[in-house]
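Below is one structure; the comments refer to it alone.
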Amino acid sequence: MRRRRLLTAGAAALAGCVSVPGSDADADADDPSSDALLREAIETRAGLTDLAATRRVQLETPTTSAGRTERVFSRPPAAKRIEVVDSTDPQEPADSVAVTNRTVTWEYDPERNVVEKQFHPNKTDTDRTRLILEKLRESYRLEYAGTETVDDREAHAIEARSPLEETGPAIELVVGDSVYAIPLDPSTDLEELSISRTVLIDDEHRYPVGERNVVRDGDDELLHRTAVTYADLAIDEGVPAGTFTYDPPADAEIEREGTEPDGVFDSLEAAADAVPYDLPDPAVPDSFVLDRVTVVERSEKFGTTATLWYTDPGVNGRELFVAVREVQRFNPDSSALEEIEADGMAVPAYHQDGRLETIFWTCEDGNGTSGLSYRVASPAIDEREPLLEIASSIGCS
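The sequence shown begins at 12 in my numbering and counts up one residue at a time.
Written as structure tokens, this is what we have:
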């Protein structure tokens, strides 16, 4: 079950060149503002424990039309389960199942009776839904468009226009877990495209329950339409035990990918016997707590890697990790790394800026040769000082 979809043939960037819509300044004084609705939706998502719903998806292009109904379960940021109940979409047939958690993903293809089991013990997890909501609020031009009914519930409609400078052949759905790629014919006049996006926020829960995306050409001909809605929405009502694991059909073929961990432990003490070195106990920011320790035997050449994962229970998707390796894997001569000093550390450290803020360093053993190598990183911390403090608390002791 592919969560990234290709809807039309050809390839070109999808440019956000649209006319500027009206703003909330034109709305009735009694109407909620689009900014406030999105802010409250972000707050709801950030504190959300679990979600269950029926999701209905409709897709349309000039030559195709398809739809499906799914049961979805989510425990942000990492755990998801999607069961396709009914479908006219050949790429997502009925009875397809996708289940993912922190360390493994299962995808069941009922037509082939094959389960793809992918191990990802050290995958960083971000809350994509929250990030998309934040991007809509910060970067899009918003207009309140009244109320609509979704599953017999009142929802507020927000028209969102992308920034004029934004380009990219994909739409990230806020009501769902998919990225829909929309490659266009190279002859398409991008400046003539009309792109509209409507997000529906549930009045009671202040949570996104519907979304429409429409792309038209200069002649007002439809190029692409996506409509997604939630029904039977349940927020923080709990999900059944075992929701985020998967038992394949007894006769299904299992295809394995990735590196299976030697163990996933819930404490440093439990993981201690699984590694041939002492695990650090770093000083992390107060809001973070240890979530798990993954241990992976890479090979005789690279040895054993232990990764300590810390999460912020108050904010979904806010995490950091400390990786301990027997063999140095970073290149200190790389142009992407900046040599820096860390307090109390006799060896140089290296900083990498970007999507994943990172500090690297390698200790020396008593003979002057390389010892354990460390990496501290976080997709949620966008400055190096907090990570440097963590690195200094570990050092080379």
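All residues carry an ideal CB built from backbone N, CA and C; glycine is no exception.
Note that the structure is predicted; figures quoted are calculated from it, not measured.
In the DSSP assignment, residue 213 falls within the beta strand (DSSP E) that extends over 205–213. In this structure, 97 is the residue among 60, 92, 97 with its C-alpha nearest to the C-alpha of residue 69. In the DSSP assignment, residue 46 falls within the alpha helix (DSSP H) that extends over 45–57. Your pair residue 315 and residue 286 checks out as a contact, with CB atoms roughly 5 Å apart and the cut at 8 Å.
In the three-state reduction of the DSSP assignment, residue 289 falls in the coil class, being assigned neither a helical nor a strand state. Per DSSP, the beta-bridge partners of residue 120 are 125. Residue 91: not part of any alpha helix (DSSP H); member of the beta strand (DSSP E) spanning 90–98, first to last residue. When C-alpha distances from residue 362 are compared across 146, 400, 232, 210, the shortest belongs to 400.
The alpha-carbon separation between residue 290 and residue 127 amounts to approximately 33 Å. Distances from the CA of residue 158 to each of 169, 152, 150, 149 were compared; the closest alpha carbon is that of 169. Beta-bridge annotation (DSSP): residue 71 is paired with 76, 236.
Remark: C-beta atoms of residue 323 and residue 60 do not approach each other more closely than 8 Å. Here the segment 382–398 lies against the segment 362–371, with 3 or more beta-carbon pairs under 8 Å apart. By the C-beta criterion, the segment 296–307 is judged to be in contact with the segment 263–276, since at least 3 inter-stretch pairs fall below 8 Å.
Following the DSSP letters along the chain, one finds residue 370 inside the beta strand (DSSP E) bounded by residues 368–375. For the options 152, 356, 234, the alpha carbon positioned closest to that of residue 203 is the one of 234. The C-beta distance from residue 88 to residue 342 rounds to 30 Å, too long to meet the 8 Å contact threshold.
Following the DSSP letters along the chain, one finds residue 404 inside the alpha helix (DSSP H) bounded by residues 395–405. In this structure, the straight-line span from the alpha carbon of residue 63 to that of residue 216 is close to 13 Å. By the beta-carbon neighbour count (other beta carbons within 10 angstroms, threshold 16), residue 79 is buried.
Rounded to the nearest whole angstrom, the CA to CA distance from residue 317 to residue 296 is 20 Å. If you draw a straight line from the Cα of residue 124 to the Cα of residue 140, it comes to about 31 Å. If you compare the alpha carbons of 173, 186, 174, 135 with that of residue 83, the shortest gap goes to 186. 357 is the residue among 394, 393, 392, 357 whose C-alpha sits nearest the C-alpha of residue 376. Under the three-state reduction of DSSP, residue 337 is assigned to coil, being neither helix nor strand. According to DSSP, residue pairing for residue 168 in a beta bridge involves 211. In the DSSP assignment, residue 318 falls within the unbroken beta strand (DSSP E) covering 314–322. Here residue 384 is buried. Its C-beta has 16 or more other C-beta atoms within 10 Å. Cβ contact annotation for residue 156 (same chain, cutoff 6 Å, sequence separation greater than five): 168, 170, in chain order. Per the C-alpha coordinates, the member of 309, 359, 223 positioned closest to residue 336 is 309.
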